[in-house]
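Have a look at the structure below before the remarks.
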Amino acid sequence: MSPAPTLYRGSDGMWMWFVHRATGVAIFFFLLVHVLDTSLVRVSPEAYDEVIGSYKTPIYGLVEAGLVGAIVVHALNGLRVIAVDRWDWALRHQRALTIAVWVITAIVMAGFLPRHLGVVFGGH
Amino acid sequence: MTAPQDIKPMPPTRRHKVQRWWWLFQRVSGVLLIVLIFTHLFVNLMTGDGVSQIDFAFVAGKWASPLWQWWDFAMLLLAMLHGMNGMGYIINDYASRKTTRTVLHALLGIATAVIIVLGALVIWTFDPCPVDASGALLEGVPSFCEDVL
Ligand code: HEM
């Protein structure tokens, strides 16, 4: 008999739980900043355009791409969590659903990244 | 062997009910946010010129329509409450001292309230055609302001 495991070594569920938590926190702090920068429209068009202008630089372009990815993963995994809580079928197919989360994320990002990075780096 | 006994569930306390409500809210708001956020990202980053189109005139064009005002308001409210509740779970998991927890929950509540109130004021008091002291339109306003003035 193998000894009872004393150290959690992770599994799909544990990893996804961590990914969900990390992306949730990242999105929350981004949202605080995003409301503050948008509030500059109430200061003046100039103030807003200047700050938003810095979001169009390559560095921020990459950060935005990361945030969009984080939202996509969090949203799809959120649906997985809801499904697994609700339906036996989903509970039995946890692993397939986890793979589906990543596959759909990859597909969405494959549609988004060329477009977004083309605008940020290509200037069109 | 004795037959399994029914265990009488504890009568739900008020605290229980509040927690259940938030648990359900986390799920319902999540599903609604998918529609709100992905439309927001698509319209702002995929259509037109993508991120490079975003400036004051772009925002003014959107908020000229009550649809986008309500859209953004709903997104603000639901995302902040969903995020607040989610961050609250995380605080409960990691902050073991009672005072630490209380302080963090208070900060979270204040930050959430400030952002919701600020965001709502910005959406609902927005002026697409601001003018300077002499009454001339400021630089960067959308072109439709010329007709309005
Ligand atoms: C786009 C649609 C979204 C969906 C479908 C969604 C779904 C969910 C669900 C179902 C949970 C509960 C997970 C659980 O109980 O195990 C959750 C947790 C959370 N969400 Fe979201 N969410 C979305 C957007 C957001 C946004 C915009 C934010 C930030 C403002 C956010 C921040 C969080 C946080 C911080 C948690 C707590 C994570 C934890 O307890 O580990 N979510 N989300």
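These protein sequences, in sequence, are chains A and B. Residues in the first sequence are numbered from 28 upward in steps of one, following the working numbering. Residues in the second sequence are numbered from -14 upward in steps of one, following the working numbering. Using N, Cα and C, we set each Cβ at its ideal position, and we do this for glycine too. Fair warning: this is a prediction, and the values are worked out from it, not measured in the lab.
Buried versus exposed call for residue i [16 or more other C-beta atoms within 10 Å across all chains shown]
{"i": "B:D(-9)", "result": "exposed"}
{"i": "A:S81", "result": "exposed"}
{"i": "A:R113", "result": "exposed"}
{"i": "B:D132", "result": "exposed"}
{"i": "A:L124", "result": "buried"}
{"i": "B:S14", "result": "buried"}
{"i": "A:M28", "result": "Low confidence applies here, because A:M28 scores a pLDDT of 48, under 50, leaving its location unreliable; read the following figure in that light. So A:M28 counts as exposed."}
{"i": "B:A45", "result": "buried"}
{"i": "A:F148", "result": "exposed"}
{"i": "B:M(-5)", "result": "exposed"}
{"i": "B:K(-7)", "result": "exposed"}
{"i": "A:I126", "result": "exposed"}
{"i": "B:A42", "result": "buried"}
{"i": "B:W48", "result": "buried"}
{"i": "A:A102", "result": "buried"}
{"i": "A:M41", "result": "exposed"}
{"i": "B:T24", "result": "exposed"}
{"i": "B:R(-1)", "result": "exposed"}
{"i": "A:V146", "result": "buried"}
{"i": "A:R142", "result": "exposed"}
{"i": "A:D76", "result": "buried"}
{"i": "A:G88", "result": "buried"}
{"i": "B:A64", "result": "buried"}
{"i": "A:I54", "result": "buried"}
{"i": "A:G139", "result": "Looking at the sequence provided, one finds Phe at residue 139 of chain A rather than Gly. Buried is the call here."}
{"i": "B:V28", "result": "exposed"}
{"i": "A:T65", "result": "buried"}
Residue i: first and last residue of the uninterrupted alpha helix (DSSP H) it sits in
{"i": "B:G125", "result": "Unbroken run through B:G125: none, as it is neither H nor E."}
{"i": "A:W129", "result": "121 to 149"}
{"i": "A:A92", "result": "85 to 113"}
{"i": "B:R86", "result": "83 to 109"}
{"i": "A:D76", "result": "72 to 81"}
6 Å CB neighbourhood of residue i in its chain, flanking five on each side removed
{"i": "B:V36", "result": "L30"}
{"i": "A:I79", "result": "none"}
{"i": "B:A105", "result": "none"}
{"i": "B:V126", "result": "C114"}
{"i": "A:R107", "result": "L124, V128"}
Proximal residues to residue i (C-beta, below 8 Å), its chain only, five neighbours per side dropped
{"i": "B:W109", "result": "Q54, F58"}
{"i": "A:G105", "result": "H47"}
{"i": "B:W8", "result": "none"}
Contacting residues, own chain, Cβ-Cβ under 7 Å from residue i (five flanking each side not counted)
{"i": "B:C130", "result": "P113, C114, L122"}
{"i": "B:V116", "result": "L122, L123"}
{"i": "A:F57", "result": "L94"}
{"i": "A:K83", "result": "V147"}
- the stretch 88 to 101 of chain B in contact with the stretch 66 to 80 of chain B per 3-pair CB rule at 8 Å: Yes, the stretch 88 to 101 of chain B touches the stretch 66 to 80 of chain B.
- Item | Contact between the stretch 66 to 74 of chain A and the stretch 114 to 122 of chain A (3+ Cβ pairs under 8 Å) | They do not touch, by the three-pair rule.
- Segments assigned beta strand (DSSP E), at least 3 residues, entirely inside the stretch 16 to 66 of chain B: Within the stretch 16 to 66 of chain B, no complete beta strand (DSSP E) run reaches 3 residues.
- Query: Between the stretch 0 to 8 of chain B and the stretch 83 to 97 of chain A, do at least 3 Cβ pairs fall closer than 8 Å?
  - Reply: No, the stretch 0 to 8 of chain B does not touch the stretch 83 to 97 of chain A.
- Touch test, the stretch 39 to 51 of chain A against the stretch 12 to 26 of chain B, Cβ-Cβ under 8 Å, three pairs minimum: Between the stretch 39 to 51 of chain A and the stretch 12 to 26 of chain B there are fewer than three C-beta pairs closer than 8 Å, too few to call the two in contact.
- What are the uninterrupted segments assigned as beta strand (DSSP E) that are 3 or more residues long and contained completely in the stretch 40 to 75 of chain A, given in chain order? The stretch 40 to 75 of chain A is shown to contain no whole beta strand (DSSP E) run of 3 or more residues.
- Message: Does the structure place the stretch 96 to 105 of chain B close enough to the stretch 58 to 71 of chain B that three or more beta carbon pairs sit under 8 Å?
- Response: The stretch 96 to 105 of chain B and the stretch 58 to 71 of chain B touch, with three or more beta-carbon pairs separated by less than 8 Å.
- Message: Quick check: the stretch 125 to 139 of chain A against the stretch 42 to 62 of chain B, are at least 3 beta-carbon pairs closer than 8 Å?
- Response: The stretch 42 to 62 of chain B, when compared against the stretch 125 to 139 of chain A, does not touch it at the 8 Å Cβ threshold.
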